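Worksheet: one structure, shown below.
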Amino acid sequence: MTAASNHNDAERGIPEQEPFPIPVALPSQHSESSSSSTSPTAHLDPPPTALPPPPPPLEEPVISPVIDQKKEKGASRVTVAVTVAARVKRKPLPRKQVSRWIQFKLWFNTYRKFFTFVMTFNVVGILLVALNVWTYPRKYTGALVLGNLFTAILIRNELFGRFLYLTVNTLFAKWPPLWFRLGCTSVLQHLGGIHSGCATSGFLWLIFKVTLIFIQHRSNHDVILVFGVLTNLIVTISIASAFPWVRNTHHNVFERHHRFAGWVGLVSTWVFVVLGDSYDLETHQWNPDGTHIARQQDFWLAAGMTLFVLIPWACIREVQVEVEIPSPKVAVLRFRRGMQQGLLARISRSSIMEYHAFGIISEGKKSGEHYLICGVQGDFTRNLVENPPKYIWTRQLKFAGVSNTSYLYKRGIRVCTGTGLGAALSTCLQSPNWFLIWIGSDQEKTFGPTISGLIHSRLDPDQYLLWDSKQRGGRPDVMKLIKEAYVSWKAEVVFITSNWHGNKEMMEGCKEAGIPAFGTLWDF
382 MTAASNHNDA ERGIPEQEPF PIPVALPSQH SESSSSSTSP TAHLDPPPTA
432 LPPPPPPLEE PVISPVIDQK KEKGASRVTV AVTVAARVKR KPLPRKQVSR
482 WIQFKLWFNT YRKFFTFVMT FNVVGILLVA LNVWTYPRKY TGALVLGNLF
532 TAILIRNELF GRFLYLTVNT LFAKWPPLWF RLGCTSVLQH LGGIHSGCAT
582 SGFLWLIFKV TLIFIQHRSN HDVILVFGVL TNLIVTISIA SAFPWVRNTH
632 HNVFERHHRF AGWVGLVSTW VFVVLGDSYD LETHQWNPDG THIARQQDFW
682 LAAGMTLFVL IPWACIREVQ VEVEIPSPKV AVLRFRRGMQ QGLLARISRS
732 SIMEYHAFGI ISEGKKSGEH YLICGVQGDF TRNLVENPPK YIWTRQLKFA
782 GVSNTSYLYK RGIRVCTGTG LGAALSTCLQ SPNWFLIWIG SDQEKTFGPT
832 ISGLIHSRLD PDQYLLWDSK QRGGRPDVMK LIKEAYVSWK AEVVFITSNW
882 HGNKEMMEGC KEAGIPAFGT LWDF
């Protein structure tokens, strides 16, 4: 499967040629009781479909703005008419450019701050050792190598990640200042910066260690040098395969090389550690005493690395699955067992190959079932539609995504496009304080009655806004919808799940408007 699939304009965030006026109902405040009136519906295109040719002009192209306030069951509602333009063929308006400063702040996010800090700290350490200002690492270089690699593996471990999310959500839900809660979400979302920073730093320390062995080759055994070089080569392959370009455009290449090179590298590291710790540089003799090896720091760091690598794989199971094919573009997978919101599942047709992550839709832990929306974007997802499985491999230990921090906020907006609904819907199903904006094309036909039923039967009518770009003749002014919903819903934060172009447009717009927002990540 490749991540670089074709998307239509509605998901890219490219302005339409024929916008038109649509009334949009947004609640001024949340009502615990359902309103008898329903919210207007609208949608965004699912992954890979081209927009239809421009429709003929409407006979009544303009709808006047109307603001209507009324009381229903004691709850105050505000109906806002969003007037765009008549559906007349015209040149697309150029996309508004935000300032370079805003672009830089979005680029230099918490991920890159973590990466920069970790790398700077370690590079300065290597320079101090090279200049003989700091002498400790010359004797214990292995501990610095494995300390960094251990941290890199720990940060990416599902169990440790769930522990961090649980701790933050338990201790800091709703009561601290908003800036602090936003900081917690940003840190948890961008932990990958520590992962990549520590992995790269460990690689640099490994190069330094092998260089020292080369310099002192007369004192070291040749086999130690051989395994040092071999470990370097394997770690190089593992790191190179995780570069954003490789990961995003050649997902299977990334997964196979990063995973299997990582496993081989772990075995090679064990051999390197044991040989290095059991060889006496002064007597040039091997010391077979296991207690001596067990006293070394790098032995226990290697043991910790191995443990956290094995934990997720100890949780894989082949489970029964029911596949609904509402359209050739989408497969909806149904599993037993309810889930909390904000989790993602990894699934595969085999036990160790090609695991793909999808957002989990569930009404809660007691619901007894959960769903995955798998949009056709590559070989794996296409095969789900063409050859639906009855059983599939999954990791029972699910990992948390940014939506899991929704517990921290009093009220929020969940924006998604197309199949991004899979990562967003659970948050709104399990909390009446979250407002859903879903933009897609021909939603009921594309995504089927199961998903549509969850939205229309389980959500309060005042809790969602659906925009169907096919029925409406184009995509909406997304930032206008977000701004109006943010104000009327009295939200504290906006979570966005979209493709690269849509995410960029919305994140820049929110940043410019001063709206706290967290979007989809690709580079990490």
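Residues in the sequence shown are numbered from 382 upward in steps of one, following this note's numbering. Even for Gly, the Cβ is constructed at its ideal location relative to N, Cα and C. Remember, it's a predicted structure, so these values are computed and weren't measured experimentally.
Subject >> Through-space distance from T786 to K851, alpha-carbon basis >> reply: 33 angstroms
Subject >> Residue interval of the alpha helix (DSSP H) (run including A866) >> reply: 859-869
Original post:
Closest by CA to H576, which one among P518, M500, N601, T798?
Top reply: M500
**OP:** Keeping to the same chain, check which residues put their C-beta closer than 6 angstroms to that of I594; ignore five residues upstream and five downstream.
**Re:** N601, L606, G609
Original post:
Can you name the start and end residues of the beta strand (DSSP E) that T798 belongs to?
Top reply: 793-798
Subject >> L714 beta carbon less than 9 angstroms from that of F739 >> reply: yes
**OP:** Could you tell me how far apart the beta carbons of K710 and G782 are, in whole angstroms, since I believe they sit closer than 8 angstroms?
**Re:** The pair is not a contact, with the Cβ atoms about 23 angstroms apart (cut-off 8 angstroms).
Subject >> Complete alpha helix (DSSP H) runs within the segment 757-787 (minimum length 4 residues, chain order) >> reply: 760-767
Subject >> Closest residue to C797 among Y788, C809, G573, W819 (Cα-Cα distance) >> reply: W819
**OP:** Determine the DSSP secondary structure at C696, reduced to helix, strand or coil.
**Re:** coil
Original post:
Between which two residues does the alpha helix (DSSP H) harbouring A804 extend?
Top reply: 802-811
**OP:** Please report how far the alpha carbon of K826 lies from the alpha carbon of I706, in whole angstroms.
**Re:** 10 angstroms
Original post:
Is V479 closer than 9 angstroms to E767 when the C-beta atoms are compared?
Top reply: no
Original post:
Any idea which residues DSSP pairs F716 with across the strands?
Top reply: H751
**OP:** Compute the Euclidean distance between the alpha carbons of K454 and K871, then round it to the nearest angstrom.
**Re:** Low local confidence applies: a pLDDT of 37 at K454 is under 50, so the model's placement there is unreliable, with the coordinate-based value given in what follows. If you take the alpha carbons of K454 and K871, they lie about 20 angstroms apart.
Original post:
Expressed to the nearest angstrom, what Euclidean distance is found between the alpha-carbon atoms of T592 and T516?
Top reply: 15 angstroms
Original post:
Is the CB-CB distance between L847 and I832 below 9 angstroms?
Top reply: no
Original post:
Which one or two residues does DSSP pair with Q570 in a beta bridge?
Top reply: Its beta-bridge partners do not exist; DSSP assigns none.
Original post:
Three or more C-beta pairs closer than 8 angstroms, one from the segment 739-750 and one from the segment 791-810: is that the case here?
Top reply: yes
Subject >> Cα-Cα separation, K452 to S784 >> reply: Only weak support exists for where K452 lies, its pLDDT of 37 falling under 50; the value from the coordinates is given anyway. Going from the Cα of K452 to the Cα of S784 covers about 32 angstroms.
Original post:
Taking just the CA atoms, how far does N513 sit from V526?
Top reply: 18 angstroms
**OP:** Determine the direct distance from the alpha carbon of I773 to that of E699, and round the result to whole angstroms.
**Re:** 5 angstroms
**OP:** Decide if Q666 is buried, meaning its Cβ has at least 16 other Cβ atoms within 10 Å, or exposed.
**Re:** exposed
Original post:
How many angstroms separate the CA atom of I615 from the CA atom of I794?
Top reply: 44 angstroms
Original post:
On the three-state DSSP scale, how would you describe S879?
Top reply: coil
Original post:
For L942, which three-state DSSP category applies?
Top reply: As displayed, the chain neither begins before 382 nor continues past 905, which places residue 942 out of reach and without an answer.
**OP:** Please state if the CB of S582 and the CB of N503 are separated by a distance shorter than 9 angstroms.
**Re:** yes
Subject >> Simplified DSSP state of S822, which is helix, strand or coil >> reply: coil
Original post:
In its own chain, which residues sit with a C-beta less than 7 angstroms from the C-beta of L535, not counting the 5 before and 5 after it?
Top reply: F541, F689
Subject >> As assigned by DSSP and simplified to three states, the class of V634 >> reply: helix
Subject >> Inter-residue CB distance, V604 and L656 (contact presumed, cutoff 8 angstroms) >> reply: 6 angstroms
Subject >> For I741, the residue or residues it bridges with in DSSP >> reply: L753
Subject >> Pairwise C-alpha distance: I588 and I596 >> reply: 12 angstroms
**OP:** Compute the distance between the beta-carbons of P898 and L682, then report whether it is under 9 angstroms.
**Re:** In the sequence on display, residue 898 carries Ala and not Pro. Contact flag unset, no.
Original post:
Would I571 be called buried (16 or more neighbouring beta carbons within 10 Å of its own) or exposed?
Top reply: The sequence shown places His at residue 571, rather than the Ile named in the question. Per the 10 Å Cβ criterion, buried.
Original post:
Could you give the residue range of the beta strand (DSSP E) that holds W848?
Top reply: 845-849
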